[in-house]
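Number of protein chains: 2
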Amino acid sequence: MLLGTWASPFVIRVKLALSFKGLSYENVEEEDLYYNKSELLLMSNPVHKKVPVLIHNGKSICESQLIVQYIDEAFSTEGTFLLPADPYERAMARFWAAYIDDKLFAAAFRAGKAKTEEEKAEALKQTFVAVETLEKAFKECSKGKPFFGGDSVGYLDIVLGALIPIVYVGKARYGIELFDDTRSPLLEAWVERFAALDAAKAILPEVDKLIENSKAKQARAAAVAAATSK
Amino acid sequence: MLLGTWASPFVIRVKLALSFKGLSYENVEEEDLYYNKSELLLMSNPVHKKVPVLIHNGKSICESQLIVQYIDEAFSTEGTFLLPADPYERAMARFWAAYIDDKLFAAAFRAGKAKTEEEKAEALKQTFVAVETLEKAFKECSKGKPFFGGDSVGYLDIVLGALIPIVYVGKARYGIELFDDTRSPLLEAWVERFAALDAAKAILPEVDKLIENSKAKQARAAAVAAATSK
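Same order as they appear, the protein sequences are chains A and B.
118 is the number of the first residue of the first sequence in my numbering; add one for each residue after it.
118 is the number of the first residue of the second sequence in my numbering; add one for each residue after it.
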């Protein structure tokens with residue numbers, strides 16, 4: 118069973134892993150992560166109280182990257198491995214996965230939540246530095262092949278795949294091209310290639326729905342800000 | 118080859134892993150991580166420019182938790198595994214390892230660097246909340262046995278072992294008992310037990326040397342602050 122919300126990039130990450138591993142599961146979505154978290158979520162992830170949570174054999178696994186690694190290890194009989202077999206390549210995959218969340222996602226979220234134009238510009242600058250670094254990482258990891266994982270999708274493809282909805286919303290709502298053909302031509306082509314795969318198409322939400330959700334979230338944040346400043 | 122500095126908890130973490138796996142290595146210590154990082158360090162860790170870095174077979178592995186996992190996987194023929202074999206237990210070990218760095222270490226470092234008494238009190242409060250949470254985690258993971266890893270030292274023992282120098286310095290210099298017999302009796306006993314093992318004793322620096330280093334760091338930070346405020 119997967120506890121999540123449909124638009125969370127971290128939940129999408131886990132769904133991508135389950136999809137590429139060919140696993141079926143019960144999908145339970147939280148209605149409200151802001152004011153009214155379910156008992157099941159609070160019991161399953163008492164430390165961070167956040168989705169996604171994977172409940173398997175009655176045990177809860179939390180944190181999206183750890184869930185993806187768990188899925189890869191617990192369902193090893195499926196034959197498709199996301200993590201590489203070689204210890205050095207595994208270490209590099211984990212290194213870049215941490216970079217994606219700690220640098221790229223973190224900076225992109227800061228840009229999205231920035232309160233001043235100056236803060237936003239600084240966060241966007243850091244986001245693009247992270248994109249450039251990751252472009253080099255793609256070159257190193259993929260060795261001229263279509264995916265981080267080589268000929269087929271691997272751990273880093275899944276980890277970064279969670280960013281695709283943000284790429285689409287950034288472009289449609291704000292005209293920001295996170296990956297473009299001057300700064301990151303390899304990653305720009307990778308997004309197209311990855312999003313076109315059946316196992317990804319089955320998971321990635323529709324762009325219109327994402328845009329609507331992004332507008333609703335912004336309106337709610339503005340309402341909360343207005344209420345607290347009274 | 119291990120690139121490090123003798124007093125860094127993250128370097129000590131890697132040394133503990135190498136020691137418990139019974140591996141020998143060339144120890145290269147950076148003299149100055151503040152103003153004058155070596156060419157070797159900058160080349161080996163161009164992304165974060167930080168120690169520790171393990172160089173093995175001509176390849177660099179960075180980030181202490183990832184290095185420990187690498188050591189466990191690359192030297193699997195040694196017979197002693199740090200990570201548990203079961204996928205769920207592995208996920209839990211990685212979960213608590215992330216908690217140790219992101220919550221416990223992070224709060225303890227904030228307390229150490231706090232500029233006002235208020236900031237310090239808040240950071241210490243968060244540190245102790247993390248200690249209490251980790252006390253429960255120890256109970257869950259060890260199942261009544263002496264270590265996080267059960268009867269023998271495992272991944273989480275190594276990850277938390279890096280904190281022991283901070284425990285000693287905190288007590289000797291500031292009278293702060295990070296682990297005590299009311300808040301965290303299990304972890305307090307664990308520190309004694311872990312630090313008494315030969316493989317740990319071989320690595321953990323002498324307390325006097327740590328205290329001297331802590332005073333020198335504080336004096337340097339004060340000098341930098343005085344110079345920049347001129």
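In this text, a Cβ means the ideal position worked out from N, Cα and C, and glycines have one as well.
These numbers come from a predicted model, not from an experiment.
Closer than 7 angstroms to chain E by CB, residue i
i         : result
Pro204(B) : This model lacks chain E altogether; the protein chains it does include are A and B.
Own chain, CB closer than 7 angstroms to residue i, minus 5 neighbours either side, in chain order
i         : result
Glu294(A) : Lys288
Val284(B) : Leu295, Phe296 and Val308
Pro302(A) : none
Arg290(B) : Ile328 and Ser331
Ala240(B) : Ala224, Arg227, Ala228 and Ala231
Lys154(B) : Glu147 and Lys166
Val305(B) : Note that residue 305(B) corresponds to Glu in the displayed sequence, not to Val. Taken in chain order, the residues that qualify are Phe296, Asp297 and Asp298.
Glu259(B) : Here residue 259(B) is Ser; the residue named in the question, Glu, does not match the sequence. For Ser259(B), where only same-chain residues beyond five positions count, the Cβ hits under 7 angstroms are Phe265 and Gly267.
Ala82(A)  : Residue coverage of chain A in this structure runs from 118 to 347, which leaves residue 82(A) outside it and unanswerable.
Candidates the options, of which the one nearest residue i by Cα
i         : options                                       : result
Val145(B) : Ser136(B), Arg130(B), Met118(B) and Lys132(B) : Met118(B)
Ile172(A) : Leu157(A), Val164(A) and Leu200(A)            : Leu157(A)
Val246(B) : Ala340(B), Ile217(B) and Ala343(B)            : Ile217(B)
Gln243(B) : Glu206(B), Gly278(B), Ala191(B) and Phe222(B) : Phe222(B)
Phe137(A) : Thr299(A), Leu314(A) and Tyr151(A)            : Leu314(A)
Gly175(B) : Arg310(A), Ala340(A) and Tyr205(A)            : Tyr205(A)
Glu143(A) : Leu150(A), Leu135(A) and Asp149(A)            : Leu135(A)
Trp213(B) : Phe255(B), Leu304(B), Glu180(B) and Glu190(B) : Phe255(B)
Tyr151(B) : Ala279(B), Glu234(B), Arg337(B) and Ser346(B) : Arg337(B)
Thr250(B) : Val286(B), Lys220(B) and Ser181(B)            : Lys220(B)
Ala316(A) : Met209(A), Asp274(A), Asp149(A) and Ala340(A) : Asp274(A)
Ser181(B) : Ser259(B), Ala215(B), Ala208(B) and Gly261(B) : Ala215(B)
Val164(A) : Glu234(B), Val248(B) and Ser193(B)            : Val248(B)
Asp149(A) : Gly121(A), Val276(A) and Leu133(A)            : Gly121(A)
Arg190(B) : Val276(A), Phe192(A), Ser193(A) and Ala202(A) : Per the sequence presented here, residue 190(B) reads as Glu, with Arg not at that position. Closest by alpha carbon: Ala202(A).
Gly278(A) : Gly261(A), Ser141(A), Val341(A) and Arg310(A) : Arg310(A)
Ala208(B) : Ser177(A), Lys262(A), Ala344(A) and Gly261(A) : Ser177(A)
Lys253(A) : Glu234(A), Ile281(A), Phe192(A) and Arg300(A) : Arg300(A)
Ala312(B) : Leu159(B), Gly139(B) and Ile281(B)            : Ile281(B)
Ser141(B) : Met160(B), Gly261(B) and Phe192(B)            : Phe192(B)
Own chain partners of residue i with C-beta closer than 6 angstroms, once the 5 adjacent residues on each side are dropped
i         : result
Gly271(B) : Leu199 and Phe265
Arg211(A) : none
Glu236(B) : none
Asn162(B) : Val170 and Cys179
Ala124(B) : Asn330
Leu133(B) : Ile275, Gly278 and Ile320
Ala344(A) : none
Ala238(A) : none
Proximal residues to residue i (C-beta, below 8 angstroms), its chain only, five neighbours per side dropped
i         : result
Ser269(A) : Thr197
Val286(A) : Val324, Leu327, Ile328 and Ser331
Gly261(A) : none
Inset, instruction - Give, in chain order, every residue of the stretch 306-327 of chain B whose Cβ lies closer than 9 angstroms to some Cβ of chain A. - result: none
Inset, instruction - May I ask you to verify whether the stretch 183-196 of chain B touches the stretch 171-188 of chain A, counting CB pairs closer than 8 angstroms and requiring at least 3? - result: no
Inset, instruction - Determine, using beta-carbon pairs with one atom in the stretch 125-141 of chain B and one in the stretch 311-328 of chain B, whether at least three such pairs fall under 8 angstroms. - result: yes
Inset, instruction - Could you list the residues in the stretch 165-178 of chain B with a C-beta less than 7 angstroms from some C-beta on chain A, going in chain order? - result: Lys176 and Ile178
Legend entry - alpha helix (DSSP H) runs contained entirely in the stretch 149-233 of chain A, provided each spans 4 or more residues: 156-161, 181-191, 204-216 and 223-230
Inset, instruction - Closer than 8 angstroms, Cβ to Cβ, to anything on chain A: give me those residues from the stretch 227-257 of chain B, in chain order. - result: Thr250
Legend entry - Contiguous alpha helix (DSSP H) assignments of at least 4 residues, all confined to the stretch 278-332 of chain B: 281-291, 302-312 and 315-318
Legend entry - Near-chain A residues of the stretch 125-141 of chain B - C-beta to any C-beta below 8 angstroms: none
Legend entry - Residues in the stretch 179-192 of chain B having any Cβ partner in chain A nearer than 8 angstroms: Cys179, Glu180, Leu183, Ile184, Gln186, Tyr187, Glu190 and Ala191
Inset, instruction - Residues of the stretch 211-226 of chain B with a CB closer than 8 angstroms to any CB of chain A: list them in chain order, please. - result: Arg211, Phe212, Ala215 and Tyr216
Inset, instruction - Compile a chain-ordered list of the residues in the stretch 290-301 of chain B whose CB is closer than 8 angstroms to at least one CB of chain A. - result: none
Inset, instruction - Using a Cβ-Cβ cut-off of less than 7 angstroms, list which residues of the stretch 274-289 of chain B approach chain A; keep chain order. - result: none
Legend entry - Length at least 4, wholly inside the stretch 229-259 of chain A: the alpha helix (DSSP H) runs in chain order: 234-259
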